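Visitor: Can you read through this structure? Questions will come right after.
Protein chains: 2
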Amino acid sequence: MTTKTHFQAVNAFDGTLLPGDFPVHGKSDVDQAAKAAAGVARFFRQTSDHSRAELLRCIAAQLELQQDAIVERAHLETALPHARLNGELARTTHQLHLFAEVVIAGHWHQVIMDTPDSQRQPQPKPDIRRQQVALGPVAVFGASNFPLAFSTAGGDTASALAAGCPVIVKGHTAHPGTSAMVAECIHRALEEKNLPHEIFTLLQGVERELGQSLVSHPAIKAVGFTGSVAGGRALFNLAQQRPEPIPFYGELGAINPTFLLPAALESNPELAQQFVQSMTLGCGQFCTKPGVVFVLNSPQSQAFIETAQTLIRRQPSVTLLTQGIADSYRQYTTQRAADPSLSVCTTPEAATDIAPMLFVTSAQQWQQNPQWEEEIFGPQSMIVVCDSTKEMLTLAQSLTGSLTATLHAAEADFPLAAQLLSRLEELAGRIVFNGWPTGVEVGYAMVHGGPYPASTQSASTSVGAEAIHRWLRPVAYQSLPDALLPEALQSDNPLALVRQVDGHFD
Amino acid sequence: MTTKTHFQAVNAFDGTLLPGDFPVHGKSDVDQAAKAAAGVARFFRQTSDHSRAELLRCIAAQLELQQDAIVERAHLETALPHARLNGELARTTHQLHLFAEVVIAGHWHQVIMDTPDSQRQPQPKPDIRRQQVALGPVAVFGASNFPLAFSTAGGDTASALAAGCPVIVKGHTAHPGTSAMVAECIHRALEEKNLPHEIFTLLQGVERELGQSLVSHPAIKAVGFTGSVAGGRALFNLAQQRPEPIPFYGELGAINPTFLLPAALESNPELAQQFVQSMTLGCGQFCTKPGVVFVLNSPQSQAFIETAQTLIRRQPSVTLLTQGIADSYRQYTTQRAADPSLSVCTTPEAATDIAPMLFVTSAQQWQQNPQWEEEIFGPQSMIVVCDSTKEMLTLAQSLTGSLTATLHAAEADFPLAAQLLSRLEELAGRIVFNGWPTGVEVGYAMVHGGPYPASTQSASTSVGAEAIHRWLRPVAYQSLPDALLPEALQSDNPLALVRQVDGHFD
Chain A
64 MTTKTHFQAV NAFDGTLLPG DFPVHGKSDV DQAAKAAAGV ARFFRQTSDH SRAELLRCIA
124 AQLELQQDAI VERAHLETAL PHARLNGELA RTTHQLHLFA EVVIAGHWHQ VIMDTPDSQR
184 QPQPKPDIRR QQVALGPVAV FGASNFPLAF STAGGDTASA LAAGCPVIVK GHTAHPGTSA
244 MVAECIHRAL EEKNLPHEIF TLLQGVEREL GQSLVSHPAI KAVGFTGSVA GGRALFNLAQ
304 QRPEPIPFYG ELGAINPTFL LPAALESNPE LAQQFVQSMT LGCGQFCTKP GVVFVLNSPQ
364 SQAFIETAQT LIRRQPSVTL LTQGIADSYR QYTTQRAADP SLSVCTTPEA ATDIAPMLFV
424 TSAQQWQQNP QWEEEIFGPQ SMIVVCDSTK EMLTLAQSLT GSLTATLHAA EADFPLAAQL
484 LSRLEELAGR IVFNGWPTGV EVGYAMVHGG PYPASTQSAS TSVGAEAIHR WLRPVAYQSL
544 PDALLPEALQ SDNPLALVRQ VDGHFD
Chain B
64 MTTKTHFQAV NAFDGTLLPG DFPVHGKSDV DQAAKAAAGV ARFFRQTSDH SRAELLRCIA
124 AQLELQQDAI VERAHLETAL PHARLNGELA RTTHQLHLFA EVVIAGHWHQ VIMDTPDSQR
184 QPQPKPDIRR QQVALGPVAV FGASNFPLAF STAGGDTASA LAAGCPVIVK GHTAHPGTSA
244 MVAECIHRAL EEKNLPHEIF TLLQGVEREL GQSLVSHPAI KAVGFTGSVA GGRALFNLAQ
304 QRPEPIPFYG ELGAINPTFL LPAALESNPE LAQQFVQSMT LGCGQFCTKP GVVFVLNSPQ
364 SQAFIETAQT LIRRQPSVTL LTQGIADSYR QYTTQRAADP SLSVCTTPEA ATDIAPMLFV
424 TSAQQWQQNP QWEEEIFGPQ SMIVVCDSTK EMLTLAQSLT GSLTATLHAA EADFPLAAQL
484 LSRLEELAGR IVFNGWPTGV EVGYAMVHGG PYPASTQSAS TSVGAEAIHR WLRPVAYQSL
544 PDALLPEALQ SDNPLALVRQ VDGHFD
């Protein structure tokens, strides 16, 4: 038996092989890339903020130059429509530009200073200044559902490069051609900016061992991952079992509970349409898809359910990202469709495509079937009808961690909304009010994370400016002269940073 | 065989039993305490900043009221002198007051806001506001070497209460009486402030199972630990293997490398005395003890070594915290003393006490004996003589993570110092210049942590104001009306917080 040295991409529409051979990288490639990344880590960490911002902007420019070719290839590899992919590319370049701004603005240095006091009793107070430093080489795992924004040059890569960490991407097997084209853009940008190419490496392959050796390599100092609970948890475990455990930032799964309160249901006739649109967006392959909706039993909620069912029946069948995702969707939804405690509504399934589905059940049944809280990737969701607000609050109490929690409430609902909010902020990274969770804004305040399994590190976000902090750790410098201090900490503040001094922002 | 229901403390000086029976808590006690803590977690998280600051100050006042009794008991249980323990109590109350200030100043909320733009194309920009929320019940493990400042009402407890997290302390078996007295102070403070007593629980016991069930309990949401690499790593592993992994903030071990550069050795004749003082402080039982000193071979460094050896010979033998620590010290130092590649210098050992020790070796031998990098608790250290700056830099490159790294340099040393600094900031949480690492300032800028094994989470600190962030995670609120927003995020900024808006601090 010989090991395959190359593999081809699969056309997501028809399962045929697409042109292009991609090397199957193995353990020795990981070793080489990780050591090379470690070799340039100190240099890259110490580059100027300006230089890293320029690199990020140049990557964005390179992506725009190749936009049509990248989008075309991604379309074939993922079955996602051109408009969506063009939007995702714009989101990816926006992310790169945001992190360029973040680097330059410099709040990421998080400078905190304690001024000395030689007269203090019983001991003199030392001069202590703290800043953030880059961790070193970072491993990033591309995600299947966002071939651009959460993959090769996605948020993890952009934030890690911004922090000054070399990046090794393990490309997702579902879109190797897209990954290779994006990696080329990054390498062209490194070359244009006269930076060593070892700062970025794309590794591809079809065996699990590739990701495992990457996470286990001693030169890797942190991991960014977006994917399934099973795959992510296995890699998380590996990262924690290393002789030197490393931070593993995994965004794994979420059911994104949504609560539609009575007055909101009465005042907003669009809710059913908005819901079906949100749960079928990107063919239901968004990690923020509303996977369960809680309503109180009432004529309004019955009308909401009926409208949603009617809309689901009108949905076209769709092609999912990969055959594996479609198989898994079929398996789970078939199980649920056969369950007498669930009322199911769906659309006719076409040849190789899958059918959107909506399930309806009671609060009592929901409580007896904890397995329904598992995320199913694809365009299905569940409506749970509660008999009382008490029942709704009880159900909210038992939910596990999620990326988002959504609340629709009109003013008459506010007392119940306030009670629910106290619980929702315990279980989600983001709370959406009178809106829908799909569509994650890439800004300064975004939190894309949450209690496990939404994230393996609930104190972090994988989207937005604060994502840079995943790749940094603080260092305190005690009594160093200006001549030896990093620029961010020097007394005359040459980087013009906002700095916290003796507990106050100056 | 019956399970012991109570245990007694051991007099650290003579091994006799001290008066006082302490309950041996088990799994059911953990379950009860954790559920009780979970039951008050939401209430405590939502108390006002003012109320939690008052609680912290009241705990400090209660400790001061009981100061003499606590110090006397701690003295018998730890063999630490009264002066040191009075200083440690002052440090403990200072910590409580610092966190009261931190809570009130409010930077810990870390408010970040993105203002909405309904006109933005292609999609409107939503209103997103982010703050930090408390994680829930926290488990804290008391440390043997700081019966007050790193134990029952130490930095972990103070920062967790400041964050709004209920605390369950697993008291260290070496000082159960001290722990019980301090816990009583905390309960009196809770009572005085009309707060539920379930916010704080002290569990005691002699079996490992107690700590294990605490870390494994589903209601526990984070852990603070200060102790050995072996014990800490075992608990870290448990925390990561839970169905829901939780953050485990362990401060495990450090050798705290110190570099004495040539011009500094020439200009500062006090170095040998300062070194011996630092390595024997607290009988060498400080986690920041300088465990290895690197010098370049020169007449000055030879003089430094000889003076240090002379001073070591004059040191009295000392009583360590526990019989276990003393046994371990003897075992390791005996091994090293028998090693022909190490030159040893010590002081006569008295009956039950142990003798301070200083080892000297070459860079070459150091490289061939990686086991010497393991921390040995107690008053011993090692001087490593390098033949060249290149050799010194190579040794620095191979060191593992440490709490601190220290550099003594005069101006002529600055070029070498700068090279070393680039490496030291990769391996330590704090860099000390022309000083000694023992004595950790409790301020705003302190970092007490560092790459593994110094800390299991190098992005955190276990001392200083920023330690509060270990018990918090961010939540983003999208499009919530002021009526439903937490105070920290309301439009008119009722808490008068420093907030970051659209990337700028307002």
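Keeping their order, the protein sequence lines are chains A and B. Each residue of the first sequence is one higher than the one before, counting from 64 in this note's numbering. Each residue of the second sequence is one higher than the one before, counting from 64 in this note's numbering. Glycine included, every Cβ here is placed at the ideal spot set by N, Cα and C. For clarity, every value in this text was computed on a predicted model and none was experimentally measured.
1) Count the other CB atoms, across all protein chains shown, that sit within 10 Å of the CB of Asn-208 of chain B; report buried if there are 16 or more and exposed otherwise.
2) Between the Cα of Pro-30 of chain B and the Cα atoms of B:Val-278, B:Asn-300, B:Ala-327, B:Pro-442, which residue gives the shortest distance?
3) Which runs of the beta strand (DSSP E), 3 residues or longer, sit entirely within the stretch 166-209 of chain B?
4) For Gly-502 of chain B, go through chain A and note every residue whose CB falls closer than 9 Å to its CB, in chain order.
5) Are there three or more Cβ pairs, one per stretch, closer than 8 Å when the stretch 150-170 of chain A is compared with the stretch 486-506 of chain B?
6) Using a Cβ distance threshold of 8 Å, determine whether the stretch 452-463 of chain B contacts the stretch 361-370 of chain B, with at least three qualifying pairs required.
7) Which runs of the alpha helix (DSSP H), 4 residues or longer, sit entirely within the stretch 77-132 of chain A?
8) Alpha carbon to alpha carbon, what distance is there between Leu-277 of chain A and Phe-338 of chain B?
9) With three or more C-beta pairs closer than 8 Å as the rule, is the stretch 190-197 of chain B touching the stretch 532-539 of chain B?
10) In whole angstroms, what separates the C-alpha of Met-64 of chain A from that of Gly-268 of chain A?
11) Kindly indicate which three-state DSSP category Cys-248 of chain A falls into: helix, strand or coil?
12) List the residues of chain B whose Cβ lies closer than 8 Å to the Cβ of Asp-565 of chain A, in chain order.
13) DSSP state of Pro-537 of chain B, grouped into three classes?
14) Report the CB separation of Thr-241 of chain A from Pro-210 of chain A in whole angstroms; it is logged as a contact under 8 Å.
15) Is the beta carbon of Ile-388 of chain B closer than 8 Å to that of Val-355 of chain B?
16) Excluding five sequence neighbours on each side, which residues of the same chain lie with their C-beta closer than 8 Å to the C-beta of Gly-498 of chain A?
17) Can you name the residues of chain B whose CB is closer than 9 Å to the CB of Thr-524 of chain A?
18) Rounded to whole angstroms, how far is the Cβ of Leu-462 of chain A from the Cβ of Gly-512 of chain A, which I believe are closer than 8 Å?
19) Identify, in the order they occur along the chain, each residue of the same chain with its Cβ nearer than 6 Å to the Cβ of Ala-302 of chain A, setting aside the five sequence neighbours on each side.
20) Can you pull the chain A neighbours of Glu-307 of chain B, defined as C-beta to C-beta under 9 Å?
21) Hey, would you say Gly-295 of chain B sits closer than 8 Å to Ser-525 of chain B, going by beta carbons?
22) Could you name the residues of the same chain whose beta carbon sits closer than 6 Å to that of Pro-82 of chain B, not counting the 5 residues immediately before and after it, in chain order?
23) Per DSSP, which residues does Thr-321 of chain A bridge with? Please list them.
24) Taking the continuous alpha helix (DSSP H) assigned at Lys-453 of chain A, which residues delimit it?
25) Roughly how many angstroms lie between the CA atoms of Leu-547 of chain A and Ala-226 of chain B, to the nearest whole one?
26) Excluding the 5 residues preceding and the 5 following Asp-450 of chain B in the sequence, name in chain order all residues of the same chain whose CB lies nearer than 7 Å to its CB.
27) Give a yes or no on whether the C-beta atoms belonging to Glu-314 of chain B and Cys-346 of chain B are separated by under 8 Å.
28) Hey, how far is the Cα of Asp-569 of chain B from the Cα of Ile-375 of chain A?
29) Let's test the definition: count the other Cβ atoms within 10 Å of the Cβ of Gln-434 of chain B and tell me whether it reaches 16, buried, or not, exposed.
30) Nearest-angstrom Cα distance between Val-561 of chain A and Val-134 of chain A?
31) Enumerate in chain order the residues of its own chain whose CB-to-CB distance from Glu-127 of chain B is below 7 Å, with the five nearest sequence positions on each side excluded.
32) So, helix, strand or coil for Met-445 of chain A, using DSSP?
33) Let me check one thing: in DSSP terms, what residues is Ile-494 of chain B bridge-paired to?
34) Can you tell me whether Ala-293 of chain B is buried or exposed? The criterion is at least 16 other CB atoms within 10 Å of its CB, across all chains shown.
35) Short check: CB of Cys-228 of chain B to CB of Pro-200 of chain B, under 8 Å?
36) Glu-329 of chain B: beta carbon under 7 Å from a heavy atom of the ligand ADP?
Guide: The relevant details are as follows:
1) buried
2) The structure shown does not extend to residue 30 of chain B, since chain B is modelled only from 64 to 569, so the question has no answer here.
3) 175-177, 191-197, 201-204
4) Gln-186, Pro-189
5) no
6) no
7) 90-108, 112-128
8) 42 Å
9) yes
10) Because the pLDDT at Met-64 of chain A is just 41, under 50, the model does not fix this residue reliably, and the value given afterwards should be weighed accordingly. Using only the alpha carbons, I get a separation of about 18 Å.
11) helix
12) Tyr-507
13) strand
14) 5 Å
15) no
16) Thr-469
17) Arg-193, Pro-537, Ala-539
18) Not a contact, Cβ separation roughly 16 Å.
19) Val-278, Val-286, Ile-309, Phe-311
20) Thr-463, Gly-464, Pro-514, Tyr-515, Pro-516
21) no
22) none
23) A:Val-356, A:Thr-469
24) 452-461
25) 35 Å
26) Asn-360, Ala-426
27) no
28) 47 Å
29) exposed
30) 40 Å
31) Thr-156
32) strand
33) A:Tyr-540, B:Ala-468
34) exposed
35) yes
36) Ligands in the displayed structure: none, and consequently the ligand ADP is not present.
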